């Protein structure tokens, strides 16, 4: 039975062409991720985020669940939409990269490793943004909520990978 299951699992592994495509996609997305996270931002007039703290040039947002805790400070529907979209974007920021890496790197295929990888990648991004602000005044903010939203996105990528892999196994099992 184990050999049959292992044989079916082999049908879900990537071909050489698929690996090349996903390696290219991962590299391309990593470059886009760096551009999204590290290019300087222009502050939006009238869109000061509630809960922001300034320590010299370092700007942080250390309020857990800041969007919920400071909901009363949102002054317009447009601002509310932007806050919601920013949280959704943060949830799915790492998802494409993690989803591709799960196909490419079998060692990453456990819930614990994905959660640690997502959290570690998010922490690296946030700390790098602090460093950028110290060196270049990039107008970036270390946000505590980004750590859990990015980690959640990595976990959702893991669930998506598990679902796709199970579907492929079921399809190959029917043949």
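Residue numbers (the UniProt record's numbering): 1 to 175.
All C-beta atoms, glycine included, are put in the ideal place defined by N, C-alpha and C.
Fair warning: this is a prediction, and the values are worked out from it, not measured in the lab.
Can you tell which of 168, 163, 138 and 149 has the C-alpha that lies nearest to the C-alpha of residue 85?
-> Position 85 of the chain shown holds residue 85. Residue 85 has its Cα closest to that of 149, out of 168, 163, 138 and 149.
Looking only at its own chain, which residues have a Cβ that is under 8 Å from the Cβ of residue 52, when we skip the five neighbours before and after it?
-> For the purposes of this step, residue 52 is taken as residue 52 along the chain shown, with counting starting at 1. Result list for residue 52: 59, 60, 61 and 141, in chain order.
So, does the CB of residue 92 fall closer than 9 Å to a CB anywhere in chain B?
-> The structure shown contains no chain B, having only a single protein chain.
Would residue 18 pass as a contact of residue 103 if the rule is Cβ separation under 9 Å?
-> Translated into positions along the chain shown, residue 18 becomes position 18. Translated into positions along the chain shown, residue 103 becomes position 103. Against a cut-off of 9 Å, the Cβ pair of residue 103 and residue 18 comes out as a contact.
Do the segment 124-143 and the segment 28-39 make contact, defined as three or more Cβ pairs closer than 8 Å?
-> Two segments are said to touch when three or more pairs of C-beta atoms, one from each, lie closer than 8 Å; by this definition the segment 124-143 touches the segment 28-39.
Residue 75 burial status per 10 Å Cβ neighbour count (16 or more: buried) = Translated into the one-based positions of the chain shown, residue 75 becomes position 75. It counts as exposed.
Does the distance from the C-beta atom of residue 252 to that of residue 160 stay below 9 Å?
-> In this structure the chain extends from 1 to 175, so residue 252 is not present and cannot be described.
Going by DSSP, which residues form a beta bridge with residue 42?
-> Numbered from 1 along the chain shown, position 42 holds the residue referred to as residue 42. Residue 42 pairs with nothing; no bridge assigned.
Of the listed residues 144, 94 and 167, nearest to residue 157 (C-alpha basis) = Residue 157 sits at position 157 when you count from the first residue of the chain shown. If you compare the alpha carbons of 144, 94 and 167 with that of residue 157, the shortest gap goes to 94.
Where residue 167 and residue 12 are concerned, what is the direct C-alpha to C-alpha distance, given to the nearest angstrom?
-> As a first step, residue 167 must be located in the chain shown, where it is residue number 167. As a first step, residue 12 must be located in the chain shown, where it is residue number 12. Computed Cα separation, rounded: 9 Å.
Between the Cα of residue 155 and the Cα atoms of 33, 113 and 133, which residue gives the shortest distance?
-> Position 155 of the chain shown, counted from the first residue, corresponds to residue 155. The residue with the shortest Cα to Cα distance from residue 155 is 113.
Return the bridge partner residues of residue 55 from the DSSP annotation.
-> Within the chain shown, residue 55 is the residue found at index 55, counting from 1. According to the DSSP secondary-structure assignment, residue 55 is paired through a beta bridge with 58.
Quick one: using the 10 Å Cβ neighbour count with 16 as the cut-off for buried, is residue 83 buried or exposed?
-> Position 83 of the chain shown, counted from the first residue, corresponds to residue 83. Result: buried.
Report the three-state DSSP secondary structure of residue 142 (helix, strand or coil).
-> Reading the chain shown from its first residue, position 142 is the one you call residue 142. Residue state for residue 142 is assigned as strand, using DSSP reduced to three classes.
Residue 109 to residue 89, Cα distance in whole Å?
-> Position 109 of the chain shown holds residue 109. Position 89 of the chain shown holds residue 89. Cα to Cα, residue 109 sits roughly 24 Å from residue 89.
Beta-carbon separation (whole angstroms), residue 91 vs residue 152, contact threshold 8 Å = Translated into positions along the chain shown, residue 91 becomes position 91. Translated into positions along the chain shown, residue 152 becomes position 152. Confirmed, about 5 Å.
Just to confirm, are residue 63 and residue 70 a CB contact at a threshold of 9 Å?
-> Walking along the chain shown from the start, residue 63 turns up at place 63. Walking along the chain shown from the start, residue 70 turns up at place 70. Taking 9 Å as the Cβ cut-off, residue 63 and residue 70 qualify as a contacting pair.
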